[in-house]
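Numbering (the working numbering), first residue to last: 46 to 464.
A virtual CB, placed ideally from N, CA and C, is assigned to each residue, including glycine.
Working notes, structure below.
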Ligand code: UGA
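Here it is as structure tokens:
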């Protein structure tokens, strides 16, 4: 199949490379000339597990031009950003509509399916259809469920493929694209809502477990045990029950806000999601306040992890960054480390913190060590030596990665969340 993908971000690029590896003819399109030039030179422009390796084994065309890129396409996938509008909190659809306008000016000599993968409010497909207004095209919703850091894994092992369309021809094309998969076909509006409803539900699950962690601390229970016990019930499930510092990233914060705004447009209050949004904001302030109880202006504060989660270099709406910013604003001496996100973090934190690219230098003479991102690697550090190197063996593991008993046996004063 000839596939054109518009947008080469965390969704578009792994999707393009994934489809190319399955033998499809893929063209990736992006307005960013610098990015396209890098990609043409086989340089990956973002960190994703296994992406560079697979990229080196596939052939993909790259262009900055939509008309050139979509020529001969059977399927066009729109994967541009729908960032949060700073003023309204709604999803900003400028990039989507600009793409739709450019597509409306393209000539399609054959039947083409245009699929929106970007997360868009319900009804956006209708507007794209109005703008493109071409009898040779069907506009469908093909929401994306890839997780950053696990994008390729999720691409090859999807839990679900949802396709929103009423066109039999479009449905046939998507069935051909996923020959071994039982695609769930819905109407377009339902497909658009499935994406928001899923992300908001997962965000709520995280907020719920974080509140339970607070309760555990108050009543002397252990959130790890509580989550494990809850998760054994298949109706609840054991996923997304890890207590921490609040959810972040480019999806949950934006999508929870966008769905509440969407509902408001129809005079519906999504009270649970509103509580989640507010609770998640407080979570970061609460965690910063907890940290401040343990430090003084002369403490060397070592923060391990800045990315919004593990296995990514992405710092967008990272709770780790938000907490760091609060501490910086209070004038503390903050040192930071991350496996992949230092470059992106520096764009936000500038010169307000000291950056370390290794564990040895950040933990040397530190008064406190705080884990803010759930990098698995932290589990395997030489904590015995770290303890000897630190000035004061205080460890705040706010992702509950390590064993309290083991860390205490090494001589650490250990605090997690909800334990
Ligand atoms: C999320 C969804 O999981 C994907 O299915 C979806 O495709 C994507 O948004 C999107 O809309 O594009 P992602 O933002 O990459 O994926 O990250 P998640 O793995 O969902 O984690 C989100 C945040 O929740 C992170 O800050 C993470 O640390 C936090 N989290 C996650 C917890 O605090 N506890 C958990 O148990 C799970």
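Fill in: Inter-residue CB distance, residue 187 and residue 199 (contact presumed, cutoff 8 angstroms)
The residue labelled residue 187 in the question sits at position 142 within the chain shown. The residue labelled residue 199 in the question sits at position 154 within the chain shown. That pair is no contact at about 14 angstroms.
Worksheet item: Run through DSSP, which three-state label would residue 117 get?
Response: Looking up residue 117 in the chain shown gives position 72. If DSSP states are grouped into helix, strand and coil, residue 117 belongs with coil.
Practice prompt. Would you check if the distance between the CB atom of residue 165 and the CB atom of residue 127 is smaller than 8 angstroms?
Written response: For the purposes of this step, residue 165 is taken as residue 120 along the chain shown, with counting starting at 1. For the purposes of this step, residue 127 is taken as residue 82 along the chain shown, with counting starting at 1. A contact, by the Cβ cut-off of 8 angstroms.
Worksheet item: Looking only at its own chain, which residues have a Cβ that is under 6 angstroms from the Cβ of residue 252, when we skip the five neighbours before and after it?
Response: For the purposes of this step, residue 252 is taken as residue 207 along the chain shown, with counting starting at 1. Once the five neighbours on either side are set aside, the close Cβ partners of residue 252 are 321, 324, 325.
Worksheet entry | Contact between the stretch 244 to 264 and the stretch 403 to 416 (3+ Cβ pairs under 8 angstroms) | no
Fill in: Burial state of residue 158, where buried means 16 or more other Cβ atoms lie within 10 Å
Sequence index remark: in the chain shown, residue 158 carries index 113 (1-based). The residue in question, residue 158, is buried, as its Cβ has 16 or more Cβ neighbours within 10 Å.
Worksheet item: Would you say the beta carbon of residue 86 comes nearer than 7 angstroms to a heavy atom of the ligand UGA?
Response: One-based indexing of the chain shown puts residue 86 at position 41. Not so, every heavy atom of the ligand UGA lies at least 7 angstroms from the Cβ.
Item to complete: Would you please state the rounded distance, in angstroms, between the beta carbons of residue 38 and residue 366? I believe it to be under 8 angstroms.
Response: Past the boundaries of the shown model lies residue 38; the chain is included only from 46 to 464, so the question cannot be answered.
Discussion item. By the three-class DSSP mapping on this structure, what secondary structure does residue 394 have?
Written reply: One-based indexing of the chain shown puts residue 394 at position 349. Correct three-state label for residue 394: helix.
Fill in: Residue environment, residue 422, which counts as buried when at least 16 other CB atoms sit within 10 Å
The residue given as residue 422 occupies position 377 in the chain shown. Residue 422 is exposed by the Cβ-count criterion.
Discussion item. Per the DSSP calculation, residue 186 is bridged to which residue(s)?
Written reply: Here residue 186 refers to the residue found at position 141 of the chain shown. DSSP, once it has assigned bridges, lists 161, 209 as partnering residue 186.
Fill in: residue 230, enclosing beta strand (DSSP E) - first and last residue
The residue labelled residue 230 in the question sits at position 185 within the chain shown. Its beta strand (DSSP E) spans residues 229 to 231.
Worksheet entry | Distance, residue 303 Cα to residue 176 Cα | Translated into the one-based positions of the chain shown, residue 176 becomes position 131. Translated into the one-based positions of the chain shown, residue 303 becomes position 258. Cα to Cα, residue 176 sits roughly 22 angstroms from residue 303.
Fill in: Integer Cβ distance of residue 206 from residue 161, believed to fall under 8 angstroms
The residue you call residue 206 lines up with position 161 of the chain shown. The residue you call residue 161 lines up with position 116 of the chain shown. Contact flag wrong, Cβ pair sits at about 14 angstroms.
Item to complete: Would you kindly report the start and end of the unbroken beta strand (DSSP E) that includes residue 106?
Response: Locating residue 106 in the chain shown gives position 61, where the first residue counts as 1. Here the beta strand (DSSP E) through residue 106 covers 106 to 108.
Practice prompt. Leaving aside the five residues before and after residue 184 along the sequence, list all residues of the same chain whose C-beta is less than 6 angstroms from its C-beta, in chain order.
Written response: Along the chain shown, one-based indexing puts residue 184 at 139. These residues qualify, in order along the chain: 159, 170, 173, 174.
Discussion item. Less than 7 angstroms separating the Cβ of residue 296 from some heavy atom of the ligand UGA?
Written reply: Position 251 of the chain shown holds residue 296. Under cutoff, so the answer is yes.
Item to complete: Compute the Euclidean distance between the alpha carbons of residue 120 and residue 246, then round it to the nearest angstrom.
Response: Along the chain shown, one-based indexing puts residue 120 at 75. Along the chain shown, one-based indexing puts residue 246 at 201. In a straight line, the C-alpha of residue 120 is about 30 angstroms away from that of residue 246.
Worksheet item: residue 27 to residue 297, Cα distance in whole Å?
Response: Nothing in the structure corresponds to residue 27, since the chain is present only between 46 and 464.
Fill in: Neighbour-count burial assignment, residue 53, 16 or more Cβ in a 10 Å radius
Here residue 53 is taken as the residue at index 8 of the chain shown, counted from 1. Residue 53 is buried by the Cβ-count criterion.
Worksheet item: If we ignore side chains and look at the alpha-carbon of each, how far apart do residue 156 and residue 385 end up?
Response: As a working note, residue 156 is residue 111 in the chain shown. As a working note, residue 385 is residue 340 in the chain shown. Rounded to whole angstroms, residue 156 to residue 385 spans 42 angstroms at the Cα level.
Discussion item. In the DSSP assignment, the beta strand (DSSP E) including residue 380 goes from what residue to what residue?
Written reply: Taking the chain shown and counting its residues from 1, one reaches residue 380 at position 335. Counting along the chain, the beta strand (DSSP E) containing residue 380 begins and ends at 378 to 382.
Item to complete: Have a look at 194, 402, 130, 209 and flag the residue whose alpha-carbon is nearest the alpha-carbon of residue 388.
Response: In the chain shown, the residue the question calls residue 388 occupies position 343. Checking every option, the nearest Cα to that of residue 388 belongs to 402.
Worksheet entry | Residues near residue 230 by beta carbon distance below 6 angstroms, same chain, minus five either side | The count along the chain shown starts at 1 and reaches residue 230 at position 185. Closer than 6 angstroms at Cβ, skipping near neighbours: 208, 216.
Worksheet entry | Complete beta strand (DSSP E) runs within the stretch 256 to 293 (minimum length 3 residues, chain order) | none
Worksheet entry | Nearest neighbour of residue 404, chosen from 463, 285, 432 [CA to CA] | Counted from its first residue, the chain shown places residue 404 at position 359. When each option's Cα is compared against that of residue 404, the closest is 432.
Discussion item. Does residue 129 come out as helix, strand or coil in the three-state DSSP assignment?
Written reply: Here residue 129 is taken as the residue at index 84 of the chain shown, counted from 1. Note: residue 129 maps to strand in three-state DSSP.
Worksheet item: With distances taken from CA atoms, which of 202, 294, 354, 250 is nearest residue 282?
Response: Counting from 1 along the chain shown, the entry for residue 282 is found at position 237. Comparing Cα positions, the closest option is 250.
Worksheet entry | DSSP state of residue 464 mapped onto helix, strand, coil | Translated into the one-based positions of the chain shown, residue 464 becomes position 419. Residue state, collapsed to three classes: coil.
Worksheet entry | residue 135 in three-state terms, based on DSSP | Locating residue 135 in the chain shown gives position 90, where the first residue counts as 1. Reduced to three states, the DSSP call for residue 135 is coil.
Worksheet item: Touching or not, the stretch 86 to 105 and the stretch 264 to 272, by the rule of three or more beta carbon pairs under 8 angstroms?
Response: no
Item to complete: Could you tell me how far apart the beta carbons of residue 73 and residue 91 are, in whole angstroms, since I believe they sit closer than 8 angstroms?
Response: If you number the chain shown from 1, residue 73 lands on position 28. If you number the chain shown from 1, residue 91 lands on position 46. About 13 angstroms; that fails the 8 angstroms criterion.
Discussion item. Please classify residue 345 as buried or exposed, where buried requires at least 16 neighbouring CB atoms within 10 angstroms.
Written reply: Stepping through the chain shown from its first residue, residue 345 is reached at position 300. Buried, by the Cβ-count rule.
Fill in: Member of 213, 137, 50 whose CA lies at the smallest distance from the CA of residue 108
Mapped onto the chain shown, residue 108 falls at position 63. Nearest C-alpha to residue 108: 50.
Item to complete: Report the three-state DSSP secondary structure of residue 69 (helix, strand or coil).
Response: Counting from 1 along the chain shown, the entry for residue 69 is found at position 24. Residue state, collapsed to three classes: coil.
Worksheet item: Among residues of its own chain, excluding the 5 on either side of residue 100, which ones have a beta-carbon nearer than 6 angstroms to its beta-carbon?
Response: Residue mapping note: residue 100 aligns to position 55 of the chain shown, counting from 1. The residues are 62, 89.
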